[in-house]
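Only one structure is covered here, and it is reproduced in the block below.
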Amino acid sequence: MSSKLEECKTTRVILVRHGQSTYNSLGLYQGCSDESVLTELGYSDARKTGDFLKGVKFDVMYTSSLKRAQQTAREILGVVAPQVSPEIIFVSDLLKETNLPAWQGLAFQYVKQNFPQEYSNWKQRPHEFCMNPPPPSLQGKGEQNSLPEIDKHSSPLLLGEGLGERFYPAIDLYNRINKFWQQVLPHYIGKTLLLVVHGGTNRALISTALGINPDRYHCIQQSNCGISVLAFPDGTLKSGRLETMNLTSHVGENLPKLQEGGKGLRLLLVPSGASSEQVNNLVEQLKEVNILLCLSDTLNDSYTLAQELIKHHPETADLRVVQDLLEWQRMIVNKPIISNNLVTALVIAKEEIIQTLISKVIGINLDNKNRLQVKQRTISIIQYPDSLHPPILQGMNISIGQKHLVIGDLYPSFCCSYE
C-alpha cells in the first residue's frame, strides 16, 4: 500500500527531443535560430512518437518557443489526443536550445576546421566556453557557403572585440533550466508532464534533476525524437532520478546512433539476475550487433545469461572476469580502449556496477548513484569515442518489443487525460 501511495505522489517528466530538422539534415549548428524547421522525416517520427506515448496519461505539455519543437509537440498531441486543440500546449522561452549565437547556421565541419581551438574548448570544457553574438552583417546567414571568409585566429565572433559582454552558452542554459524547474515543479506534484524540446535542453533538464554540473554537457546523448523519463518522488528537484534515457526504438533505432564518427569503444551494459527466458527481446535486439567481447563475472547466473545473449554470435570472445568488476570498471574509465573502428563489448554486471559506471561518465556523486534506476531486462550504452572526446551515455534502460512507453513500476494501459 505504501508503495502505491508513494507512486501517487511521484511527479514524472517525459522528455522528447524534436524530430529531425532542416539544420539537422544539413549538419548545421542550430542554437536558438528559428530558421530550422522539421523535415518530412521529422514530422513522420513525431507521429510515431505520439503513437508510442499513447499508453501514458499526462496532465500537461510544455514546449519551447522555437518552431521545430512546437511542430513536434503538435504532431505528438495530434496522435495522442486528436480532439484537443494545440492551444493547450504551454510555450516557454526558458526551454529554448543552447544559445550558440556565433555558430548557428554554420556547418559542424566548418566550425571544427576554422575554429579548432574554440571547437575543442566547447567539446572538452563546455562550462568554461564563451562566445559573443555575431555582428549584424553575419546574423541570419544559413549555410557556410553564404558566409564571408573568417580569420580563424582573430575572429570577433569568438574573441568578443567590440561586441559587448561575453556569453557562456552552457551556463546560460543551465540557469534557464533551473529557473524552469523552480517555476513549474511545485505546481504539478504527483502529475505527469510531457516536455517536447531540444537536445541541449534535455541534457540540462536531466543534469539539473540529478545534480550534474555543466562540464558533463556532452556526456549525455539525446537523439531526434528520443524519449527520456525523470521521476521526482516527493515533487522536488533534489529528489530527481532517471528512469529511462534516450529511447529510440519507436523511430526504428533499436540502439541510439553512434556519435563522433562511430568509432572507439561501445559498452552494452546488461544487469545480471534475469533468467534466460526473460531476455528473449534482448537476444533479438542484439542479434544484428557485431559484438567483439562479452564480459561477465564468475557468478553462474551471469555466465548463463551471457551465453544466452550471445548465442547468435559464435565469433564473440566470451570472458569471465575473475577480479572485482568494479576494479575492471575503473580500468575502463581511466584507460579506455580507443580504436579508429568500433569495438563493441557486452558486459553482464550487477545493477550497482552499472550505476557506478554510468555515474562516473555523467558526473554523479557515487553516494547518489541510486538516482539512476537501472532495470532488469534492459540495456544501457556507453560510448568512448577517443581521447579527444569525453565518454557518452547513449541510452539507459533501453528495451524493445513495447508498443507503448511504460513508466515507473506500472504496466496498465492508460488513456490520455485530455478529454
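Residue numbering for the sequence shown is 86 to 504, as defined by our numbering.
Note that the Cβ used here is the ideal one computed from N, Cα and C, for glycine as well.
Asked: Ser498, buried or exposed, once every other Cβ within 10 Å from all chains shown has been counted against 16; Found: Unreliable placement is indicated for Ser498, whose pLDDT of 31 sits below 50; the coordinate value is still reported in the next sentence. Per the 10 Å Cβ criterion, exposed.
Asked: One or two residues paired with Arg102 in a DSSP bridge; Found: Val282
Asked: Three-state secondary structure assigned by DSSP to Asp130; Found: helix
Asked: Minimum length 3: unbroken beta strand (DSSP E) runs contained in the stretch 287 to 337; Found: 312 to 317, 326 to 332
Asked: Selected residue, minimal CA-CA separation from Val282, among Thr329, Val176, Asn217, Gln202; Found: Val176
Asked: Whole-angstrom C-beta distance between Leu340 and Ala430, which should lie under 8 Å; Found: Their Cβ separation, rounded to whole angstroms, is 14 Å, which puts Ala430 and Leu340 out of contact at 8 Å.
Asked: Residues bridged to Arg153 (per DSSP); Found: Arg153 pairs with nothing; no bridge assigned.
Asked: Neighbour-count burial assignment, Ile173, 16 or more Cβ in a 10 Å radius; Found: exposed
Asked: Outcome for Asp236 when other beta-carbon atoms lying within 10 angstroms are tallied against a minimum of 16; Found: Note that Asp236 scores a pLDDT of 39, beneath 50, so its modelled location is shaky; the value from the coordinates is reported in the next line. Result: exposed.
Asked: Separation of Ser129 from His335, as counted between CA atoms; Found: 11 Å
Asked: Secondary structure of Arg251, DSSP reduced to three states; Found: coil
Asked: Asn455 versus Val446, Ile439, Ile464, Arg462, residue with shortest Cα-Cα distance; Found: Ile439
Asked: Other residues of its chain near Val196: CB distance less than 8 Å, five sequence neighbours each side excluded; Found: Tyr114, Trp188, Glu203, Tyr204
Asked: Inter-residue spacing [alpha-carbon to alpha-carbon] between Leu473 and Leu180; Found: 29 Å
Asked: Ser231 versus Gly190 - alpha carbon distance; Found: Confidence at Ser231 is low in this model, with a pLDDT of 36, below 50, so the placement of that residue is unreliable and no value is reported for it.
Asked: Nearest-angstrom beta carbon gap, Lys276 and Val145 [assumed within contact, 8 Å]; Found: 7 Å
Asked: Leu490 versus Arg251 - alpha carbon distance; Found: 42 Å
Asked: Exposure of Pro211, with buried meaning 16 or more beta-carbon neighbours within 10 Å; Found: buried
Asked: Status (buried if at least 16 other CB within 10 Å, exposed otherwise) for Glu182; Found: buried
Asked: Three-way DSSP call (helix, strand, coil) for Asn482 in this model; Found: strand
Asked: Beta-carbon proximity of Ile262 to Leu290, cut-off 7 Å; Found: yes
Asked: The stretch 129 to 142 in contact with the stretch 475 to 494 per 3-pair CB rule at 8 Å; Found: yes
Asked: Residue from Thr286, Glu160, Gly347, Leu322 with nearest C-alpha to Cys117; Found: Thr286
Asked: Sub-7 Å separation of Leu451 and Leu327 beta-carbons; Found: no
Asked: Nearest-angstrom Cβ-Cβ length linking Gly135 and Val164, presumed shorter than 8 Å; Found: 3 Å
Asked: Closest by C-alpha distance to Val269, when choosing among Asn109, Ile433, Val98, Pro186; Found: Val98
Asked: Neighbourhood of Thr148 by C-beta distance below 8 Å, restricted to the same chain and skipping five residues each side; Found: Ala154, Gln155, Thr157, Ala158, Ile174, Phe175, Val176, Ser177, Leu180, Leu280, Val281, Val282
Asked: Residues that DSSP places opposite Leu404 in a beta bridge; Found: Leu380
Asked: Through-space distance from Gly112 to Gln229, alpha-carbon basis; Found: Unreliable positioning characterises Gln229 in this predicted model, as indicated by a pLDDT of 37, which lies under 50. The coordinate reading is nonetheless provided below. So the two alpha carbons sit approximately 11 Å from each other.
Asked: Chain-order list of residues whose beta-carbon lies under 7 Å from that of Ala294 (same chain, five-residue window excluded); Found: Leu315, Leu322, Gly325
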